[in-house]
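Just so we're aligned, residue 2 is where the sequence shown starts under the numbering used here, counting upward by one.
Report on the following structure.
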Amino acid sequence: MPLLAPSVPPGFEPHPTMVAHEVFEQMKIYMSCSDPEERRIREEKMRKTLNELSNDPMA
């Protein structure tokens, strides 16, 4: 039986009220790159963005 990749990458499960479902779907598409270095860069950008959103009371 083949192993299946998780639908949500580890470390990228947003708080339900933080990111709309449609936005999260686009985030997953953005993260689906094959180049490991590009993925690492995108992961860091995503973490930074989610951290900024979680600290912004107006977001």
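C-beta: ideal position from N, C-alpha, C; glycine also.
From a predicted model like this one, the values you see are computed outputs, not experimental measurements.
Quick check on Asn-56: does DSSP put it in helix, strand or coil?
Against the sequence shown, residue 56 aligns to sequence position 55. Reduced to three states, the DSSP call for Asn-56 is coil.
Hey, quick one: how far does the alpha helix (DSSP H) through Val-20 stretch, first residue to last?
The residue you call residue 20 lines up with position 19 of the sequence shown. Premise fails: Val-20 is in no alpha helix (DSSP H) and is neither H nor E.
C-alpha distance - Gln-27 paired with Pro-37, whole-angstrom precision
Stepping through the sequence shown from its first residue, residue 27 is reached at position 26. Stepping through the sequence shown from its first residue, residue 37 is reached at position 36. One C-alpha to the other measures close to 19 angstroms.
Can you tell me the Cβ-Cβ gap for Met-32 and Arg-40, rounded? I've got them flagged as a contact below 8 angstroms.
Translated into the one-based positions of the sequence shown, residue 32 becomes position 31. Translated into the one-based positions of the sequence shown, residue 40 becomes position 39. Their Cβ separation, rounded to whole angstroms, is 7 angstroms, which keeps Met-32 and Arg-40 in contact under 8 angstroms.
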